[in-house]
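In the numbering used here, the protein residues as written are 68 to 430.
Ideal Cβ placement from N, Cα and C applies to all residues, glycine included.
Inspection log for the structure reproduced underneath, given as structure tokens.
Here you go:
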């Protein structure tokens, strides 16, 4: 029996692309469509859910629809381009290579290769599914003839209950400093601009909030940049006021949001912004740079800034924290915005869209 099969370079847990892929597979199966996940590289945490992609050739059925989760360079792209089956590209944004140029030649080349693979797959793709209108525009510019927008299928909405012990520990850490509790969430990569958040914290502490503290939650996807962030915090005398955290469970991440006074997200290139939705779910007010898909996703649920100058950011955070009614208005707007985005039903909508394409291929 033919089906809709998903291809991803590597399937990670607690990763936006990985969780989206798993949710999409589950939604397809629940709809009665056979669906398997194929990977180029196995992840020990998900190896029982995946199959090596080269085995697909022996399992292929007439009428299969193949769906590629495009977010990073992979041998899968060229392999899929050469396959005879119909293809859908599910696009999760590609960070422009220039962001990595000063940090890693290897990652810069990989990002450039991924952009080339995006173009390679355009004439083959029956459909390009983007996670935002911002990403949809990138697909159109790359030559994709038919596109649609379905947000990332994130498990963060409805919100997960926080880990009480972790929440107590985080709250105690912030209390030791005595000021505003800042939170920044996102992998440690140059486009996420965590260095700008650290600079803004320094200004905030120097101009009226000397006890402000910051927790940066994210995996170090670019090691040189991650190391530079730590050195930068030390150089500003913030080694005790900035905590770098990674490898959290969903419940521990929920605790980080619920103990924070504000989420600060200053990304320069953002294809969707899962932390925005997570903050909405947990009632955490947001200050964010209006770049990429951030205005589209956040809507009226965040204080949106045209830039990321440290004085501008510090003033925005200080003004928000001091204005309780505005905080409450943003929290309420966030709940409405999250519902309007429909992230809780995104996997089902994507599955319906793919099933309709598959049905056309099967008959």
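Item to check | Span separating the alpha-carbon of residue 349 from that of residue 188 | outcome: Separation of residue 349 and residue 188 (C-alpha to C-alpha, rounded to the nearest whole angstrom) is 38 Å.
Checklist entry - According to the neighbour-count rule (16 or more other Cβ atoms, all chains shown, within 10 Å of its Cβ), is residue 272 buried or exposed? => result Looking at its Cβ environment, which holds 16 or more other Cβ atoms inside 10 Å, residue 272 is buried.
Checklist entry - Does the distance from the CB of residue 328 to the CB of residue 248 come in under 8 Å? => result Yes; because the gap between Cβ atoms is below 8 Å, this pair is in contact.
Item to check | As assigned by DSSP and simplified to three states, the class of residue 163 | outcome: Coil, per DSSP.
Checklist entry - When burial is assigned at 16 or more other CB atoms within 10 Å of the CB, is residue 373 buried or exposed? => result By the 10 Å Cβ count, residue 373 comes out exposed.
Checklist entry - Candidates 356, 258 and 210: which alpha carbon is nearest residue 175's? => result From the listed residues 356, 258 and 210, the smallest Cα separation to residue 175 is found for 258.
Item to check | Same chain, Cβ closer than 7 Å to residue 338, five either side skipped, listed in chain order | outcome: Taking C-beta separations shorter than 7 Å and ignoring five residues to either side along the sequence, the partners of residue 338 in its chain run 159, 160, 198, 199, 201, 202, 359 and 360, following chain order.
Item to check | Inter-stretch contact (C-beta, 8 Å, three-pair minimum) for the region 391 to 399 and the region 166 to 185 | outcome: Counting C-beta pairs closer than 8 Å gives fewer than three between the region 391 to 399 and the region 166 to 185, which falls short of the contact rule.
Next on the checklist: Looking at the strands, I want to know which residues DSSP matches up with residue 119.
Outcome noted: The partner list for residue 119 (beta bridge, DSSP) reads 106.
Next on the checklist: Taking a contact to mean a Cβ-Cβ separation below 8 Å, would you say residue 173 touches residue 190 in this structure?
Outcome noted: Taking 8 Å as the cut-off, the Cβ atoms of residue 173 and residue 190 do not count as close.
Item to check | Boundaries of the beta strand (DSSP E) in which residue 195 is found, first to last residue | outcome: Secondary structure note for residue 195: its beta strand (DSSP E) is the uninterrupted segment 192 to 197.
Checklist entry - How should residue 232 be labelled, buried or exposed, when 16 other C-beta atoms within 10 angstroms of its C-beta is the threshold for buried? => result The residue is exposed, with fewer than 16 neighbouring Cβ atoms inside 10 Å.
Item to check | Cut-off 8 Å between Cβ atoms - residues of its own chain near residue 414, not counting five sequence neighbours on either side | outcome: Correct list, in chain order: 87, 90, 91, 93, 94 and 220.
Checklist entry - Where DSSP assigns a beta bridge to residue 353, which residues make up the other side? => result Looking at the DSSP output, residue 353 sits in a beta bridge with 330.
Checklist entry - Of all the alpha helix (DSSP H) runs that stay within the bounds of the region 294 to 326, which reach a length of 4 or more residues? => result Here the runs fully enclosed are 317 to 326.
Item to check | For residue 424, the three-state DSSP class (helix, strand or coil) | outcome: Shown here, residue 424 sits in a helix according to DSSP, grouped into three states.
Next on the checklist: With the cut-off set at 8 Å, would you say residue 330 and residue 346 are in Cβ contact?
Outcome noted: Closer than 8 Å, so yes.
Item to check | Alpha-carbon spacing of residue 268 relative to residue 106, whole angstroms | outcome: In a straight line, the C-alpha of residue 268 is about 41 Å away from that of residue 106.
Checklist entry - Looking at residue 177 and residue 76, is the spacing between their C-beta atoms short of 8 Å? => result Not in contact: residue 76 and residue 177 (Cβ atoms no closer than 8 Å).
Next on the checklist: Give the list of continuous alpha helix (DSSP H) stretches no shorter than 4 residues that lie fully inside the region 354 to 411.
Outcome noted: For the region 354 to 411, the continuous alpha helix (DSSP H) assignments of 4+ residues that do not extend past its boundaries occur at 361 to 365, 377 to 389 and 391 to 408, in sequence order.
Checklist entry - Cα-Cα, which of 324, 409 and 181 is closest to residue 234? => result Comparing Cα-Cα distances from residue 234 to each of 324, 409 and 181, the minimum goes to 324.
Item to check | residue 69 - partner residues in DSSP beta bridges | outcome: BP columns for residue 69 are empty, so no partner.
Checklist entry - Is it buried or exposed for residue 71, if we count other Cβ within 10 angstroms and need 16 for buried? => result The residue in question, residue 71, is buried, as its Cβ has 16 or more Cβ neighbours within 10 Å.
Item to check | Bridge partner(s) assigned by DSSP for residue 136 | outcome: Here residue 136 is bridged, per DSSP, to 157.
Checklist entry - Comparing alpha-carbon positions, which option in 417, 318 and 162 lies nearest residue 97? => result Among 417, 318 and 162, the Cα nearest to that of residue 97 is on 417.
Checklist entry - Are residue 61 and residue 286 touching if we call contact CB-CB under 8 Å? => result Because residue 61 is not part of the residues shown, which for the chain are 68 to 430, the question remains open.
Item to check | Limits of the unbroken beta strand (DSSP E) element including residue 249 | outcome: Where residue 249 is concerned, the enclosing beta strand (DSSP E) stretches over 248 to 252.
Item to check | Counted within 10 angstroms of its Cβ, other Cβ atoms place residue 126 as buried (16 or more) or exposed | outcome: Residue 126 counts as exposed, since fewer than 16 other C-beta atoms from the protein chains shown sit within 10 angstroms of its C-beta.
Checklist entry - Using the rule of at least 16 other Cβ atoms within 10 Å of the residue's Cβ for burial, across every protein chain shown, is residue 301 buried or exposed? => result Residue 301 should be labelled exposed.
Checklist entry - At what residues does the alpha helix (DSSP H) containing residue 88 begin and finish? => result Residue 88 -> alpha helix (DSSP H) spans 83 to 97.
Item to check | Residue of 141, 292, 136 and 370 minimising C-alpha distance to residue 85 | outcome: Answer by Cα proximity: 136.
Item to check | Extent of the continuous alpha helix (DSSP H) run through residue 182 | outcome: Residues 172 to 188.
Checklist entry - What residues match up with residue 219 in a beta bridge as DSSP calls it? => result Note: residue 219 sits in no beta bridge, so no partner.
Next on the checklist: My assumption, with CB atoms under 8 Å, is that residue 322 sits in contact with residue 217. Please give the rounded CB distance.
Outcome noted: Between the beta-carbon of residue 322 and that of residue 217 there is about 29 Å, and that puts the pair past the 8 Å contact cut.
Item to check | CA-to-CA distance, residue 320 to residue 228, given in whole angstroms | outcome: Cα-Cα distance, rounded: 10 Å.
Next on the checklist: Measuring only the C-alpha atoms, how far is residue 404 from residue 394?
Outcome noted: Cα-Cα distance, rounded: 15 Å.
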